[in-house]
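Read the structure below first, then the notes.
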Amino acid sequence: MRFHSTHSVAATAAFICLAHASAQAATKLKVVTTTTDLKSIVEAVGGDKVEVTSLGTGREDPHFIDAKPSYMLEAGQADLWVRIGLELEIGYENLVIDGSRNPKIRIGSPGHLDASDGVLRLEVPTGKIDRSMGDVHPQGNPHYWLDPLNVRIIAKNVANRLSTLDSEDASYFADRLKVFQTELDTAMFGKNLIANADGAKLWAMLLKGQLDGFVKEHGGDSAAGGWWAAMKPIAGTKIITYHRSWSYFANRFGLDVIDQLEPKPGIEPSPAHLSEVIEKIKKENARILLVEPFYSRQAPDFVADKTGIKVVAAAASVGGQPEAGDYIHMIDNLIRQCITAAHAATTPKTKE
Amino acid sequence: MIRMAALCALLAMCAGSARTISAQEPEPTTRDLLEEMRKLSERVETLENTHKDDQQKIKELQDRLDIVEKGTPETESKPKATPQSSEDELQSLIGGTTATTTPAEGRPSGGGLLGLQGAVQSFNPDISLNVDFLAGYSSREGVEREDGFFFRELELGFSGAVDPYTRADIITTISRANGEFKADLEEGYLTFLQLPHGLQARLGQFRSEFGRANPIHLHALPWIDYPLVIQRYFGKEGLSGAGGELSWLVPNPWNKYISLTYEIFNNDNDTLFAGSESDDFVHLARLKTFHDLSPASNLEIGASIATAPNDHGHGGNRATIEGIDATYRWKPKGAESYRSLLWQTELMAAQSDQLFGRQNTWGMYTAADYQFAKRWKVGLRYDFAELPQREASRENGYSAYLTFLQSEFVFWRLGYLFTDRTFPVDGDYNEHQLQLQLNYTLGAHPAHKF
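Those sequence lines, one after another, are chains C and F. Using numbering that gives the first Met the number 0, you'd call the opening residue of the first sequence number 0 and step up by one each time. Using numbering that gives the first Met the number 0, you'd call the opening residue of the second sequence number 0 and step up by one each time.
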């Protein structure tokens, strides 16, 4: 009897499935990204030719996303899966992709994109690594999206892959890529500089250390704008971070990360390590403590209380805070908070 | 280069013509010399022009080659126009500043040492070792060792893609029984991943998908042991066997996760079923549904049924087991990320023909596991079970757990279990157990089963 009822359930489900599939003849590419940052980039490049879902919300630790069955369902309907890579998703990606039963998005298929292809990587371990070093990523630090330069590359990777999957709209994606890159470059360098040179050239000059010279030739410091000019006055500021997730941001904007609250990546702050950090902050006059909002404030507040360092709890992912609605706003918010904190940290010191 | 060659040729010619001049006309005039120079410069000009033409031809050929290589000239060359060169320069600069340029998916880009390692490693399966070590005390005084240290289990797991269609998972265990270590195969199956229509199949030896807790490996449970009802119905290690499984992700208009699983496997389980001498199979079906209640909470509801002969298949005696299970999870985001709650309940009923006739029994457990800090969890479990062989024999279990996650790879768990029985075990109706579990994983980073 029980088997009979199971059969009829299966038959009904099969019928519903057929009806459903025909009703949902989608023309948009369905994209599932592991993080909101990738979602923001795919939406910028894909425009109305894509429908994007992100597994993460930006409000959780991106290393620890649960392999929920509803994610398998999302992935099952996807034409393209985009991941950050560098083993950020190692805790759940296989389970979700296997569970999705979707051959299109398996690793190595055109429907699986590792966004890290060709990005600038930091902290790639060179010797033998083991777990005594904490949660080290053998291919390098995976938080690379916090460097806007890498986001230019991610966007290009996305545009290329979307064009492969939907070749009819290749020029649409190419145009949108250009628009997004220009928007990003303008946010980085300001309107004036973009008017004088295209974005790639400005980035190249920045990497070669020639941007300052170029700015001098084109109207001096007042001509420079964007995140780059905003961060210049606080370049060299010594900072502490909770996790090793801010290396790319610090590298791009000239902040000097002198230590982490975590003694090793992914290892909880210990009292002994915190007291070392406190000494270091005092000795080297570190001024900002960067923390993602999902970490406990206990250790950061304790350190701030002992040293007067300014805690900046800023979203490192789109959606992590209300101000971080898309990628550009997320970096905007980060930079604004860093600058405010740097000034707030200096004022009382000069008074004393 | 070509310019240099032209210059050399010119000098050679100069020398050559100078010699001929001196041979034929011993005293050349200035005018002759000037004329000679004019001729020479004309020849240089011609040479330069041919060189320019050649360059142009080479460029055209190169462009045509590019188009051939890239395939689609229209879409590719359009955005190229002018900015491409600065984009290219930027790309080469990034390549130069990166410690390694090996793309994660192993595309060849001359990544040096890391690229080499990646290529070698990628053909090896993921290997992980899990060790479960216990220190335990029990109020029971039986023939077996109840108090002391127990190297309960060493699990050696290999997994990886076999080919584009299948994935293999092999988990062997070494555990101690009757004073000796013995090796066993806990699971060893091939998963067929590329089946159409949302189907997936497994073939081999695997833990059966009956309910929530049974498919989970011992060390991945939120407790130290399987719930009493599972131990009573399926034995200490739960229900598993060699066979096949087909599961289907059921499409539905509500866009919910619904999966249907059918399993057929050898009737090896001798607790409720007939045991390994039987030629018959266990048939099992499971329906699982999943509902997101909010971004932070979800509910999983499942129903399972398994049936098999329990008299070696000759007398028509069968055992049938039904189960329903509900699991509620709460895991907030943002500043509360490191709190979570898992509450699971399973009810199971069995009808079987036994020595004392038809036995209708049931059992259940309900357990909550609350994470109150990033590395700490507390758990409570209530158990009820009737012995499937004798419905009048019952036991109630009350247990509490405290778990400390030293890191992602090591945890400690302290557990206390009080069992109250209607029948004596080693002369006692009550049993107190206190256990300390130490569990660690070595090797490949495990994916965390939901």
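We treat Cβ as the ideally placed atom computed from N, Cα and C, and that holds for glycine.
If you count every other CB in all the chains shown that lies within 10 Å of the CB of Asp162(F), and 16 or more means buried, which is it?
The residue is exposed, with fewer than 16 neighbouring Cβ atoms inside 10 Å.
Starting from the Cα of Gly333(F), find the closest Cα among Ala340(C), Phe293(C) and Gln336(C) and give me that residue.
Looking at the Cα atoms, Phe293(C) is the closest of the given residues.
Unbroken beta strand (DSSP E) runs of length 3 or more, entirely within the segment 372–422 of chain F: which are they?
Listed in chain order, the complete beta strand (DSSP E) runs (minimum 3 residues) inside the segment 372–422 of chain F are 375–386 and 389–404.
Run through the segment 206–286 of chain C for me and flag every whole alpha helix (DSSP H) of 4 or more residues, listed as ranges in chain order.
Listed in chain order, the complete alpha helix (DSSP H) runs (minimum 4 residues) inside the segment 206–286 of chain C are 210–216, 225–230, 246–252 and 270–283.
Please tell me whether Ala446(F) has its Cβ less than 8 Å away from any Cβ of chain C.
Judged by the 8 Å Cβ criterion, Ala446(F) is in contact with chain C.
Using the C-alpha atoms, what's the distance from Gly315(F) back to Phe280(F)?
Using only the alpha carbons, I get a separation of about 13 Å.
Output needed in chain order: residues of the segment 276–294 of chain F with a Cβ under 7 Å from some Cβ in chain C.
Here the close residues are Ala284, Phe289, Asp291 and Pro294.
Does DSSP classify Thr81(F) as helix, strand or coil?
Here the model assigns Thr81(F) a pLDDT of 47, short of 50, so the residue's position is not dependable and the matter cannot be decided.
Which residues in the same chain as Gln434(F) place their Cβ atom closer than 6 Å to its Cβ, once the five residues preceding and following it in sequence are excluded?
So the list reads Leu133, Gly135, Ile223 and Gly414, once near-sequence residues are dropped.
In three-state terms, what does DSSP make of Tyr232(F)?
It is helical.
Excluding sequence positions up to five away, which residues of its chain have a Cβ less than 8 Å from the Cβ of Leu121(C)?
Taken in chain order, the residues that qualify are Gly139, Asn140, Tyr143, Ser246, Tyr247 and Asn250.
With a cut-off of 8 Å, does the C-beta of Asp184(C) fall near any C-beta of chain F?
Closer than 8 Å: no.
Hey, how far is the Cα of Gly242(F) from the Cα of Tyr261(F)?
Approximately 11 Å between the Cα atoms of the pair.
Suppose you measure from the CA of Gln370(F) to the CA of Ile215(F); what does that come to, to the nearest Å?
Their backbone Cα atoms lie some 20 Å apart in a straight line.
Taking Cβ to Cβ, would you say Leu189(F) is nearer than 8 Å to Ala167(F)?
The answer is yes: Cβ separation under 8 Å.
Would you say Tyr256(F) faces chain C, with C-beta separation under 8 Å as the test?
For Tyr256(F), the answer is yes, since a Cβ of chain C falls inside 8 Å of its Cβ.
Which ranges would you report for the alpha helix (DSSP H) in the segment 87–120 of chain C if only whole runs of at least 4 residues count?
Complete alpha helix (DSSP H) runs here, min 4: 92–99.
Along the segment 80–103 of chain C, what residues have a CB closer than 7 Å to any CB found in chain F?
Within the segment 80–103 of chain C, the residues whose Cβ lies closer than 7 Å to some Cβ of chain F are Gly84, Leu85, Ile89, Gly90, Tyr91, Asn93, Leu94, Asp97, Arg100 and Pro102, listed in chain order.
Excluding sequence positions up to five away, which residues of its chain have a Cβ less than 6 Å from the Cβ of Gly328(C)?
The residue asked about is misnamed: residue 328(C) is His in this sequence, not Gly. Here the set comprises nothing.
At what residues does the alpha helix (DSSP H) containing Met71(C) begin and finish?
Pro68 to Gly75 is the span of the alpha helix (DSSP H), which, as asked, contains Met71(C).
Is the CB-CB distance between Asp248(F) and Gly75(C) below 8 Å?
The sequence as given places Leu at residue 248(F); Asp does not occur at that position. Result yes, Cβ atoms of Leu248(F) and Gly75(C) sit closer than 8 Å.
Can we say the segment 262–270 of chain C touches the segment 232–239 of chain C, given the rule of at least three CB pairs closer than 8 Å?
No: the two stretches stay apart, fewer than three of their Cβ pairs being nearer than 8 Å.
Starting from the C-beta of Ala284(F), find all residues in its chain whose C-beta is less than 6 Å away, skip the five residues before and the five after it, and write them out in chain order.
Excluding sequence neighbours, Ala284(F) sits near Tyr261 and Ile304.
Can you list, in chain order, the residues of its chain with a C-beta nearer than 7 Å to that of Arg231(F)? Leave out the 5 residues immediately preceding and following it.
Answer for Arg231(F): Gly362, Ala384, Leu386 and Pro387, listed in chain order.
Name the DSSP bridge partner or partners of Met347(F)?
Met347(F) is bridged to Gly322(F) and Gly362(F).
Using the beta-carbon count (16 or more within 10 Å), is Pro252(F) buried or exposed?
Exposed: under 16 other Cβ atoms inside 10 Å.
I need the DSSP call for Asp87(F), collapsed to helix, strand or coil.
Three-state DSSP puts Asp87(F) in a helix.
Would a check of beta-carbon distances place Arg374(F) closer than 8 Å to chain C?
Yes, contact with chain C.
Please confirm whether Asn438(F) has its beta-carbon closer than 8 Å to some beta-carbon of chain C.
Closer than 8 Å: no.
What are the partner residues of Pro308(F), as DSSP defines its beta bridges?
DSSP lists Arg317(F) as partners of Pro308(F).
In chain order, what residues of the same chain lie with their CB nearer than 7 Å to the CB of His111(C), ignoring the 5 residues before and after it?
Closer than 7 Å at the Cβ level, and outside the excluded window around His111(C), lie Trp80, Ile104 and Arg105.
Based on the DSSP secondary-structure assignment, which residues constitute the bridge partners of Ser296(F)?
Bridge partners of Ser296(F): Ser293(F) and Trp329(F).
Met187(C) touches chain F at which residues, Cβ-Cβ below 8 Å?
Ordered by position in chain F, no residue passes the 8 Å Cβ test against Met187(C), which lies about 13 Å from the chain.
In the DSSP assignment, what residue or residues form a beta bridge with Ser303(F)?
Ser303(F) is bridged to Arg285(F) and Gly322(F).
Using DSSP with H/G/I as helix, E/B as strand and the rest coil, what is Gln320(C)?
Gln320(C): coil per DSSP, three-state reduction.
Identify every residue that forms a DSSP beta bridge with Ile263(F).
Bridge partners of Ile263(F): Gly243(F) and His282(F).
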